[in-house]
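A.B. asks: Residues 1 to 68 (the UniProt record's numbering) make up the sequence shown, in order. Glycine included, every Cβ here is placed at the ideal spot set by N, Cα and C. Before I ask anything, let me first share the structure, which is written out below as structure tokens.
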Amino acid sequence: MEARKFKTSAKCAGCVSAIAEKLNTVMNAGEWSIDLSTPDRVLTVTSEVPDEQVMSLVKKAGFKIEKI
Numbered sequence: 001m002e003a004r005k006f007k008t009s010a011k012c013a014g015c016v017s018a019i020a021e022k023l024n025t026v027m028n029a030g031e032w033s034i035d036l037s038t039p040d041r042v043l044t045v046t047s048e049v050p051d052e053q054v055m056s057l058v059k060k061a062g063f064k065i066e067k068i
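Set out below in structure tokens:
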């Protein structure tokens with residue numbers, strides 16, 4: 001599966017933990033990561049979970065997300 005990237009509003013490890021609670025219900029922890037060192041706080045997903053579902057889960061965790 002090709003890696004897909006999303007811009008998020010996550011700012012810290014606590015934010016990543018909140019997002020992890022949602023994403024880990026539909027994919028393995030190794031299938032996604034968030035790079036907090038970039039200005040866009042890029043979420044990279046390698047799972048086959050559809051983009052719309054990924055975006056919905058991140059929004060349910062309370063964060064903004066958009067595909068890049």
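Alpha carbon to alpha carbon, how far is E66 from M55? Give it in angstroms, no decimals.
C.D. replies: Along the sequence shown, one-based indexing puts residue 55 at 55. Along the sequence shown, one-based indexing puts residue 66 at 66. M55 and E66: Cα-Cα distance of roughly 7 Å.
A.B. asks: Of the choices V26, T38 and E21, whose alpha-carbon is the least far from that of E48?
C.D. replies: Counting from 1 along the sequence shown, the entry for residue 48 is found at position 48. Of V26, T38 and E21, the residue nearest in Cα terms is V26.
A.B. asks: Mind checking T8: buried by the 16 CB within 10 Å criterion, or exposed?
C.D. replies: Within the sequence shown, the letter at position 8 stands for residue 8. Looking at its Cβ environment, which holds 16 or more other Cβ atoms inside 10 Å, T8 is buried.
A.B. asks: Going by DSSP, what residue range makes up the alpha helix (DSSP H) through I19?
C.D. replies: Taking the sequence shown and counting its residues from 1, one reaches residue 19 at position 19. It spans A13 to L23 - the alpha helix (DSSP H) in which I19 sits, taken as one unbroken run.
A.B. asks: Excluding the five sequence neighbours on either side, which residues of its own chain have a C-beta within less than 7 Å of the C-beta of E31, listed in chain order?
C.D. replies: One-based indexing of the sequence shown puts residue 31 at position 31. Closer than 7 Å at Cβ, skipping near neighbours: V45, T46 and S47.
A.B. asks: Can you give me the start and stop residues for the alpha helix (DSSP H) that K59 sits inside?
C.D. replies: Translated into the one-based positions of the sequence shown, residue 59 becomes position 59. Taken as a continuous stretch (DSSP letters only), the alpha helix (DSSP H) holding K59 covers D51 to K60.
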